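Have a look at the structure below, then the notes.
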Amino acid sequence: MDGKRLSVSGVIMGRVITVTSGKGGVGKTTTTANLGTALAMRGARVAVVDADIGLRNLDVVMGLENRIVYDLVDVVEGRARLRQALIKDKRLPELCLLPAAQTRDKDAVNAQQMIDLTQQLRAEFDFVLIDSPAGIEAGFRNAIAGADEVIIVTTPEVSAVRDADRIVGLIEAAEKGPASLIINRIKPRLVSRGEMLSVEDVLELLAISLLGIVPEDETIVIATNRGEAAVYDPNSLAGRAYINIAQRLAGEDVPVMAIPDQQGVLDRLLSLFGRRRT
Amino acid sequence: MTMSDLISIKGSRDGLRLRLDANAAWSELLSRLDHHLGERRSFFHGASVVIDLGDREVSSAQLDEMLALIRQHGVQATAIDSSERATRMAARAVGLATRPIVRYPEPMPMPEAEALLVIRTLRSGQVLRHTGHITLIGDVNPGAEIIAGGSVVVWGRLRGLVHAGALGDSSAIICALELRPTQLRIADLIARAPDQHPINRPEFARVVAGEIIVDGWETFKR
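Just so you know, the protein sequences line up as chains A and B, in that order. Okay, so the first sequence: first residue is 58 according to the numbering used here, each after it adds one. Okay, so the second sequence: first residue is 228 according to the numbering used here, each after it adds one.
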């Protein structure tokens, strides 16, 4: 099975992976939902945890909002057992959501409680994906407290990359590495015109390993609003990108998916004649 | 790098250490401290320091007074070093870590050439601060800062902010394999990078006739 590790006691333990970004609105929650779904489609047992206490929306993106009875804070404060609070996905029995509390704030949980929670979860799941709040304050620190690995999501914008760099520094200081990178919402046409940072530009600055790239894709918006993961849609380019990232996360030796240029008719014609535009 | 007879500062990999004379009158010491931190604001603002009080006996009220003073200059104390037990107890009473004694036989001279070598990428939000020279092997990313009393050498891309000669030395220089800073400062001068900077070669910056000038490395002559 994907990615299991042996604990000291010899019990097989899952990997705890935090998805974070620094800047808000770059696609952390969408990434968490789609990677969780893609990993569960492969047969892995996956828990996705919404650590954005007070501003929960992983449940909305996954279409599970109306099934919430207990939440993360209820578990931490002992009002509910973990099993009671975990919500099974609509389609995939291998996939569970631990929702955030909506009526509390970041101070409702501390780092040690998050570490204890992730220990419980990793005993039952192959992957525990934690959706971090934006920012560098207590909520972010709680979200990485129990992590084995950190995935940083950025968009190819100068401000988002700057914040991602800050996060990489904090993760190094907290010794929570290795951090790997997902570059989201790439617009190939803008990149080829030199009007958007390229993957290479971002990597040159951040100097961390690239887990994957996701193109700008309106199917993501449609899927997200419907509460369905884009990875179910075989026509969704972003969905295919998330499946590629899930493969790489699970340790499969596949290259980062290339994003076809949406205006690529000319390229295709040229390649018919055995030529390539550079 | 003696600030005065009463106050001296030493930088090391562990941070800055402010040593205060153990015999001068407390009020005079504080007024000198106020003056010195004020004069070197660009170096000290945002810094954390260990304060060495020697064998002086200091009360918690006096400590509070001193901490309030340095806070006004944007300086935070991380610990108090003292050989005097009463002083250490007073420091713990105001919530500071203490260390028993680092007793120098005489004021520690600060060799002018003392330099710090750091090998890493300096990322947004990170600050490297040292009283002497700094050599960084790695990149200085946008949003990162280097603040040095002496010169700064970056063996990598310099895209953040560097302040050389931050204690007032305008003969300090800044050099980098790729000099594309958001801002350069030498002593009390500030320069912004030009908007267009296509040159990709090692360069250095220094003060010439009251201005920060950037030149190709090959023109460097001392």
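In this text, a Cβ means the ideal position worked out from N, Cα and C, and glycines have one as well. Bear in mind the structure is a predicted one, so any value in this text is a computation, not a measurement.
For residue 92 of chain A, no CB of chain B lies under 8 angstroms from its own CB, so it is not counted at the interface with that chain. Under the criterion of beta carbons closer than 8 angstroms, residue 208 of chain A and residue 76 of chain A qualify as touching, at roughly 5 angstroms. Within the same chain, Cβ atoms closer than 6 angstroms to the Cβ of residue 81 of chain A are found at 191, the five residues on either side in sequence being excluded. Taking a Cβ-Cβ threshold of 7 angstroms, none of the residues of chain A is close to residue 410 of chain B; the smallest such distance is about 15 angstroms.
For the stretch 340-373 of chain B, the residues whose beta carbon sits under 7 angstroms from a beta carbon of chain A are, in order, 348, 350, 351, 352, 353, 368, 369 and 370.
Along the stretch 213-229 of chain A, going in chain order, the ones with a CB nearer than 7 angstroms to a CB of chain B are 219, 222, 223, 225 and 226. For the stretch 240-271 of chain A, the residues whose beta carbon sits under 7 angstroms from a beta carbon of chain B are, in order, 262 and 264.
Closest by C-alpha distance to residue 133 of chain A, out of A/157, A/316 and A/301, is A/157.
Looking from the CA of residue 188 of chain A, the closest CA among A/232, A/229, A/87 and A/148 belongs to A/87. Spanning the alpha carbons of residue 223 of chain A and residue 385 of chain B requires a straight line of approximately 16 angstroms. Taking C-beta separations shorter than 7 angstroms and ignoring five residues to either side along the sequence, the partners of residue 145 of chain A in its chain run 153, following chain order. In this structure, residue 221 of chain A sits away from residue 308 of chain A, with a CB-CB distance that is not shorter than 8 angstroms. Counting along the chain, residue 348 of chain B sits inside no beta strand (DSSP E), nor does DSSP assign it H or E at all.
Per DSSP, residue 211 of chain A is one residue of the beta strand (DSSP E) stretching across 206-211. As the crow flies, the alpha-carbon of residue 148 of chain A is around 10 angstroms from that of residue 98 of chain A.
Unbroken beta strand (DSSP E) stretches of 3 residues or longer found wholly inside the stretch 147-181 of chain A: 152-155, given in chain order. In this structure, residue 356 of chain B sits near residue 243 of chain B, with a CB-CB distance shorter than 8 angstroms. Within the model, the alpha-carbon separation for residue 414 of chain B versus residue 232 of chain B is close to 23 angstroms. When beta bridges are read from the DSSP output, residue 442 of chain B appears opposite B/431. Spanning the alpha carbons of residue 106 of chain A and residue 254 of chain A requires a straight line of approximately 31 angstroms.
Around the beta-carbon of residue 262 of chain A, 16 or more other beta-carbon atoms lie within 10 Å, marking it buried. Take the alpha-carbon of residue 305 of chain B and the one of residue 323 of chain B: they are about 7 angstroms apart. For residue 391 of chain B, there is no enclosing alpha helix (DSSP H); the enclosing beta strand (DSSP E) has its first and last residue at 388-391. Residues of the same chain with a CB within less than 7 angstroms of the CB of residue 128 of chain A, apart from the 5 flanking positions on each side, are 142, 156, 157 and 158 in chain order. About 11 angstroms separates the CB atoms of residue 371 of chain B and residue 347 of chain B; that is not less than 8 angstroms, and the two are not in contact. Straight-line spacing of the CA atoms in residue 234 of chain B and residue 277 of chain B works out to 13 angstroms. Straight-line measurement puts the Cα of residue 206 of chain A at about 21 angstroms from the Cα of residue 166 of chain A. If you look at residue 410 of chain B, you'll find it in the beta strand (DSSP E) that goes 410-413.
Rounded to the nearest whole angstrom, the CA to CA distance from residue 293 of chain B to residue 257 of chain B is 7 angstroms. Residue 313 of chain A and residue 409 of chain B have their C-alpha atoms some 33 angstroms from each other. In the displayed model, residue 241 of chain A falls within a strand according to three-state DSSP. A direct Cα-Cα distance of roughly 11 angstroms separates residue 399 of chain B from residue 361 of chain B. For residue 306 of chain A, the closest alpha carbon among the candidates A/235, A/120 and A/294 is that of A/235.
Residue 270 of chain B: not part of any beta strand (DSSP E); member of the alpha helix (DSSP H) spanning 268-271, first to last residue.
Shown here for residue 195 of chain A: same chain residues with a beta carbon closer than 7 angstroms to its own, the five before and five after excluded, namely 163 and 164 in chain order.
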